[in-house]
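These protein sequence lines are chains A and B, in that order. For reference, each letter of the first sequence is one residue, going 4 to 304 in the numbering used here. For reference, each letter of the second sequence is one residue, going 400 to 683 in the numbering used here.
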Amino acid sequence: MNVVESFGLGVSYRGTTALRDCTLTIPEGHIVALVGSNGAGKTTLLHCAVGLVAPTTGEISVLGGIEAGSPEALQRVAFVAQETPLYRHISVRAMLTVAANLNQHFDRNLAEERLANLEIPLERRIGRLSGGQQAQLALALALARRPDLLVLDEPLARLDPLARHEVMAVVMSAVAEEGLSVILSSHVVSELERVADYLILMSHGRVQMVGMIDELLAKHAVLSGPTDDAERVADLFTVVQSQHAGRQSQFVARIDAPAEFPKGWVAENISLDELVLAYLREPSASALSGPLAVSANRAGR
Amino acid sequence: MRVALLQHRAALITIFVAFVVLVIAIVIGRDAVSASYASYLAAGCTLAHPTNLGVCVNTSNKFADIPSFTPLVIALRLFPAVIGAFVGAPLVAREIESGTHRFAWTQGVGRTRALLVTLATLALIVTPVAVMLGFLLGSWYIHPYSVINIAVGSHWQSGLFTTTWWMTPVLTLLSLAIGTLVGTLVKRTVASIAVTAIIVGGVLVVAGQYIQRIFDVGAVASSRFLINGMHSGPIDLSASQGQGPAGSWLVRGWYTGPWRARVEQQSGKHGRCSIEQVRFEEGF
Numbered sequence: 004m005n006v007v008e009s010f011g012l013g014v015s016y017r018g019t020t021a022l023r024d025c026t027l028t029i030p031e032g033h034i035v036a037l038v039g040s041n042g043a044g045k046t047t048l049l050h051c052a053v054g055l056v057a058p059t060t061g062e063i064s065v066l067g068g069i070e071a072g073s074p075e076a077l078q079r080v081a082f083v084a085q086e087t088p089l090y091r092h093i094s095v096r097a098m099l100t101v102a103a104n105l106n107q108h109f110d111r112n113l114a115e116e117r118l119a120n121l122e123i124p125l126e127r128r129i130g131r132l133s134g135g136q137q138a139q140l141a142l143a144l145a146l147a148r149r150p151d152l153l154v155l156d157e158p159l160a161r162l163d164p165l166a167r168h169e170v171m172a173v174v175m176s177a178v179a180e181e182g183l184s185v186i187l188s189s190h191v192v193s194e195l196e197r198v199a200d201y202l203i204l205m206s207h208g209r210v211q212m213v214g215m216i217d218e219l220l221a222k223h224a225v226l227s228g229p230t231d232d233a234e235r236v237a238d239l240f241t242v243v244q245s246q247h248a249g250r251q252s253q254f255v256a257r258i259d260a261p262a263e264f265p266k267g268w269v270a271e272n273i274s275l276d277e278l279v280l281a282y283l284r285e286p287s288a289s290a291l292s293g294p295l296a297v298s299a300n301r302a303g304r
Numbered sequence: 400m401r402v403a404l405l406q407h408r409a410a411l412i413t414i415f416v417a418f419v420v421l422v423i424a425i426v427i428g429r430d431a432v433s434a435s436y437a438s439y440l441a442a443g444c445t446l447a448h449p450t451n452l453g454v455c456v457n458t459s460n461k462f463a464d465i466p467s468f469t470p471l472v473i474a475l476r477l478f479p480a481v482i483g484a485f486v487g488a489p490l491v492a493r494e495i496e497s498g499t500h501r502f503a504w505t506q507g508v509g510r511t512r513a514l515l516v517t518l519a520t521l522a523l524i525v526t527p528v529a530v531m532l533g534f535l536l537g538s539w540y541i542h543p544y545s546v547i548n549i550a551v552g553s554h555w556q557s558g559l560f561t562t563t564w565w566m567t568p569v570l571t572l573l574s575l576a577i578g579t580l581v582g583t584l585v586k587r588t589v590a591s592i593a594v595t596a597i598i599v600g601g602v603l604v605v606a607g608q609y610i611q612r613i614f615d616v617g618a619v620a621s622s623r624f625l626i627n628g629m630h631s632g633p634i635d636l637s638a639s640q641g642q643g644p645a646g647s648w649l650v651r652g653w654y655t656g657p658w659r660a661r662v663e664q665q666s667g668k669h670g671r672c673s674i675e676q677v678r679f680e681e682g683f
């Protein structure tokens with residue numbers, strides 16, 4: 004089952020395109036890192052997945068074909084929005100009551116247990132909690148719904164390193180215990196590298212790269228060697244990004260099939276950070292998989 | 400329902416404060432006239448032949464310009480606008496502005512049900528409050544005025560009609576709906592409050608001025624005053640109010656002098672003259 008499927012998805016706000024021709028499938032059972040620069044369309048895509056934004060074009064469904072944002076979908080999809088918006092004027096206990104009343108299935112004991120473990124007082128007003136505590140509260144509320152899909156939009160953006168670690172630990176433990184699928188968006192790749200196993204890279208409102216992180220890293224490499232043979236190398240592989248410094252050239256390239264390198268050229272493993280940066284620097288490059296895959300565009304080389 | 404109470408505490412406080420302030424003003428206003436009203440009744444002023452005409456004349460003149468009456472009526476007429484602007488308008492606008500709609504509208508019950516339950520809860524709270532205020536002002540507070548001062552007239556007169564116990568909740572619910580719609584479209588709390596106040600204010604003014612015409616469909620009936628020497632202002636008034644046909648609603652009334660010419664009560668251009676008739680336009 005795919006937890007998210009979109010086809011030709013596009014969203015425009017007053018003439019500005021936030022998302023264009025977004026076609027992707029996210030299989031269940033993964034922790035998905037949704038990565039991209041600011042304004043890339045990550046939040047719009049997630050809002051479409053939870054029904055907060057209606058697509059201008061195309062369609063999107065969740066959990067095996069359920070219409071995104073429908074009551075049936077919302078019962079099984081939990082969303083923690085950017086900056087974890089909660090009712091700041093009420094207490095944590097009142098917030099639990101609100102959440103319990105807004106959901107048919109809400110495990111209040113589970114939420115209270117998580118909050119007790121995190122030493123978040125139930126009587127304190129939400130506005131007086133720290134940023135980390137508010138993020139933990141929002142996460143506890145979402146997990147208490149026992150969702151099949153957890154969608155987190157920039158959950159770590161405002162947190163200090165310790166709070167980031169604690170939030171991710173809670174997510175990882177929930178995945179281990181409940182077996183739910185998670186989509187995490189961020190513009191900081193290093194935050195997600197340790198936990199995510201699936202990557203979606205977005206740029207300028209479109210999906211640029213999708214796939215299992217291990218496979219993407221295995222298919223890409225940093226190639227470096229003499230500039231004289233650079234053109235031959237570029238013909239052998241799909242170059243994502245190139246750099247030339249004097250007589251030495253360096254490519255970030257996609258290696259779809261094994262090939263013999265010219266003399267003096269070496270291939271090195273690429274880190275996720277390097278891979279993402281290479282694609283972000285070349286918005287015209289893409290690496291898509293599955294039946295709707297589009298071959299990489301080499302024009303931006 | 401519990402969610403709405405927790406989420407919209409500020410709105411509920413607005414309703415409560417508006418209610419308490421108006422009830423206090425109504426009680427104080429009624430208390431201020433209760434002694435005069437009792438003496439008016441004791442003097443038999445509502446009867447064809449009062450026992451003490453001096454008390455009737457004095458009380459009638461005193462009630463002709465009671466200063467507290469108009470502000471209180473205006474306050475009750477503004478009550479729907481207050482609810483529309485400060486309860487209806489922020490209902491959705493504040494959620495969107497603060498971003499909490501991203502929490503509330505993605506919960507299991509869904510956006511439509513969450514909104515409808517919240518709106519219905521607020522409507523359930525606002526309606527009895529409006530009925531009580533309408534009853535307190537339109538029936539209890541105004542009663543001595545309508546008995547003593549002929550100018551107060553019927554509930555069906557413009558102005559008073561919108562303060563009755565049945566029209567106050569109707570206008571309040573309409574304002575709540577308008578405010579919610581404006582807040583949903585404008586998406587900014589302060590701007591929504593301003594736009595709602597303007598729209599609802601316009602609706603209330605139009606309703607106050609023209610709603611009587613909806614009922615102005617019946618015959619015009621004439622009633623003769625019993626002229627017995629009472630005076631109020633530049634023209635003579637009668638001791639008792641003329642009555643239209645049984646079951647009729649008073650829409651508006653005026654005085655006619657000699658040759659059935661209409662006499663303007665406040666203009667004084669006719670000088671002191673006798674009222675020959677009072678005519679009422681009645682609707683059925």
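Every residue gets a Cβ at the ideal spot worked out from N, C-alpha and C, and that includes glycine. As the structure is a computational prediction, the values presented were derived from the model and not from experiment.
With a cut-off of 8 Å, does the C-beta of residue i fall near any C-beta of chain B?
i, result
"Pro88(A)", "yes"
"Leu105(A)", "yes"
"Arg301(A)", "Confidence is the limiting factor: at Arg301(A) the pLDDT is only 33, short of 50, which leaves the residue's position unreliable, though a coordinate-based value still follows. Judged by the 8 Å Cβ criterion, Arg301(A) is not in contact with chain B."
"Ile93(A)", "yes"
"Arg131(A)", "no"
"Pro30(A)", "no"
Whole angstroms is fine: what's the gap from residue i's alpha carbon to residue j's?
i, j, result
"Pro489(B)", "Ala529(B)", "20 Å"
"Ala241(A)", "Gly578(B)", "The residue asked about is misnamed: residue 241(A) is Thr in this sequence, not Ala. Thr241(A) and Gly578(B): Cα-Cα distance of roughly 58 Å."
"Gly39(A)", "Ala606(B)", "55 Å"
"Ala145(A)", "Ser176(A)", "14 Å"
"Phe109(A)", "Ser188(A)", "25 Å"
"His500(B)", "Val432(B)", "50 Å"
"Pro543(B)", "Phe478(B)", "23 Å"
"Ser206(A)", "Val178(A)", "28 Å"
"Arg161(A)", "Leu89(A)", "15 Å"
"Gly11(A)", "Arg250(A)", "44 Å"
"Asp259(A)", "Glu277(A)", "18 Å"
"Glu169(A)", "Gly182(A)", "19 Å"
"Arg257(A)", "Ile273(A)", "11 Å"
"Glu194(A)", "Met171(A)", "9 Å"
"Leu580(B)", "Gly54(A)", "20 Å"
"Val422(B)", "Gly428(B)", "10 Å"
"Thr517(B)", "Ala484(B)", "16 Å"
"Asn112(A)", "Leu118(A)", "10 Å"
Have a look at the DSSP bridge pairing and note the partners of residue i.
i, result
"Phe1(A)", "With chain A running from 4 to 304 in the structure shown, residue 1(A) is simply not present."
"His247(A)", "Ser252(A)"
"Tyr282(A)", "Paired residues: none, contrary to the question."
"Val185(A)", "Ile34(A) and Leu153(A)"
"Phe82(A)", "Val154(A)"
"Arg257(A)", "His223(A) and Thr241(A)"
"Tyr16(A)", "Thr19(A)"
"Cys25(A)", "Leu12(A)"
Helix, strand or coil for residue i per DSSP?
i, result
"Asn272(A)", "strand"
"Ile129(A)", "helix"
"His630(B)", "Interpretation of His630(B) is limited by its pLDDT of 35, a score under 50 that renders its predicted location unreliable; no figure is taken from the coordinates."
"Tyr540(B)", "helix"
"Arg117(A)", "helix"
"Gly39(A)", "strand"
"Tyr436(B)", "helix"
"Ser459(B)", "helix"
"Gly641(B)", "At Gly641(B), the pLDDT of 43 sits below 50, so the modelled position is not reliable and the matter cannot be decided from this model."
"Ser193(A)", "helix"
"Ile93(A)", "coil"
Looking at chain A, is there any beta carbon in it that lies within less than 8 Å of the beta carbon of residue i?
i, result
"Arg587(B)", "no"
"Thr499(B)", "yes"
"Gly582(B)", "no"
"Phe462(B)", "no"
"Val569(B)", "no"
"Ala590(B)", "no"
"Ala513(B)", "yes"
"Thr469(B)", "no"
"Ala519(B)", "no"
"Val502(B)", "Correcting the residue type first, residue 502(B) is Phe in the shown sequence and not Val. So yes, Phe502(B) belongs to the interface."
Check whether the Cβ of residue i lies closer than 7 Å to any heavy atom of the ligand SAM, and answer yes or no.
i, result
"Glu496(B)", "Absent from the structure shown: the ligand SAM. Ligands present: none."
Residue i versus chain E: which residues are under 7 Å apart at the beta carbon?
i, result
"Gln136(A)", "In the structure shown, chain E does not exist; the protein chains are A and B."
Could I get the ranges of all uninterrupted alpha helix (DSSP H) runs contained in the region 198 to 232 of chain A, with 4 residues as the minimum, in chain order?
216 to 222
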